[in-house]
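Q: Numbering (the working numbering), first residue to last: 39 to 246.
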Amino acid sequence: MAAYNPEEQENIEEFKTWWNTYGTLIIVVVAAFITGIGGTQAWNYYQRQQVEQAAELYDSLLQVQASEDPKKISDAAGLLMEGFSGSGYASRAALTSARASLGAGDLQNAKSRLQWVLDNSKEDELKDLVRLHLASILLDEKKYDDALRLLEAKHGESFDGLYADLKGDVLTAAGKVAEARTAYQVALSKMGGKSSYSDIVQIKLDAL
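1) Taking 8 Å as the cut-off, does the region 161-176 touch the region 188-199 (at least 3 CB pairs, one atom from each stretch)?
2) Quick one, which of Leu140, Tyr96, Ala245, Arg130 has its alpha-carbon nearest Lys109's?
3) Quick one: what does DSSP say Leu246 is sitting in, helix, strand or coil?
4) Could you check if Gly206 is buried or exposed, using at least 16 other CB atoms within 10 Å of its CB as the buried criterion?
5) In angstroms, rounded to a whole number, what distance separates the CA positions of Val239 and Leu145?
6) With DSSP as the reference, label Ser129 as helix, strand or coil.
7) Applying the criterion that 16 or more other CB atoms from any shown protein chain within 10 Å of the CB defines a buried residue, is Asp203 buried or exposed?
8) What does the alpha-carbon distance come out to for the pair Ser236 and Lys180?
9) If you count every other CB in all the chains shown that lies within 10 Å of the CB of Leu291, and 16 or more means buried, which is it?
10) Measure from the alpha carbon of Asp244 to the alpha carbon of each residue in Gly230, Lys228, Ala221, then state which is nearest.
11) Is Ser105 buried or exposed, if buried means 16 or more other CB atoms sit within 10 Å of its CB?
12) Excluding the 5 residues flanking Met39 on each side, which residues of the same chain have their C-beta closer than 6 Å to its C-beta?
13) Give me the Cα-Cα distance between Ala211 and Ala142, rounded to the nearest whole angstrom.
14) For Trp81, I'd like the list of residues in its chain whose CB is within less than 7 Å of its CB, leaving aside the five on either flank, ordered along the chain.
What follows is the structure in structure tokens.
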């Protein structure tokens with residue numbers, strides 16, 4: 039057994055006392071730290087797996103899209119929407135399904151898919167685009183108030199002209215000519231300059 043001088047013995051005793059007081063806490067903290075590292079790595083791996091699986095399903099959807107069968111496209115999109123609702127792939131799948139349904143004249147499914155994007159997507163620009171699609175459908179259904187409510191929603195500045203133009207279309211269809219004229223004038227001011235689209239808006243304004 040090793041012999042210690044009084045000073046060393048005192049240091050040892052102080053360390054024992056300190057360890058008895060804080061040793062358990064240190065072990066818990068270190069264990070939690072190690073577990074945290076492992077947990078973070080596991081979570082990152084899970085996230086990568088989710089993205090990869092969503093990407094694979096989206097590739098499958100694009101292949102199904104070539105069939106131009108709205109039912110098959112809707113089913114393929116549904117897998118992404120149900121299993122990976124938080125991913126950008128799911129929102130794009132819903133939009134693809136909506137377009138296919140719209141082309142087939144299935145307005146209800148098209149509206150349902152577009153509403154899903156509004157409720158679930160985290161991408162503001164995509165939601166801005168979807169509102170335009172949905173408002174156009176509501177215009178065709180003569181649901182003017184519902185369409186106007188969508189067009190009054192907050193949206194990116196780059197969409198100002200498109201929103202104002204479609205608002206003018208809705209107001210024209212609703213017989214509110216003065217308000218429609220104002221909306222078209224706003225659309226022209228937001229678009230600025232000469233373009234084929236602004237020419238179309240000008241034609242609609244002149245027609246009033």
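Where is the CB? At the ideal position from N, CA and C, for every residue including glycine. These numbers were taken from a predicted model, which means no experiment stands behind them.
A: Working from what's here:
1) Cβ pair count under 8 Å is three or more, so yes.
2) Checking every option, the nearest Cα to that of Lys109 belongs to Leu140.
3) DSSP places Leu246 outside both helix and strand once states are collapsed to three, so it counts as coil.
4) The C-beta of Gly206 has 16 or more other C-beta atoms within 10 Å across all chains shown, which makes the residue buried.
5) Cα to Cα, the separation comes out at about 26 Å.
6) Judged by DSSP in its simplified three-state form, Ser129 adopts helix.
7) The residue in question, Asp203, is buried, as its Cβ has 16 or more Cβ neighbours within 10 Å.
8) Answer to the nearest angstrom: the Cα atoms are 25 Å apart.
9) Any property of residue 291 remains undetermined from this structure, which presents the chain solely from 39 to 246.
10) Asp244 has its Cα closest to that of Ala221, out of Gly230, Lys228, Ala221.
11) By the neighbour-count rule (16 or more Cβ atoms within 10 Å), Ser105 is not buried but exposed.
12) Since pLDDT at Met39 reaches only 48, below the 50 mark, its modelled position is unreliable, and the value read off the structure follows with that caveat. Taken in chain order, the list of residues that qualify is empty.
13) Taking the straight line joining both Cα atoms gives about 24 Å.
14) Low local confidence applies: a pLDDT of 44 at Trp81 is under 50, so the model's placement there is unreliable, with the coordinate-based value given in what follows. By the criterion of a C-beta distance shorter than 7 Å, Trp81 is surrounded by no residue of its chain, once the five residues flanking it on both sides are discounted.
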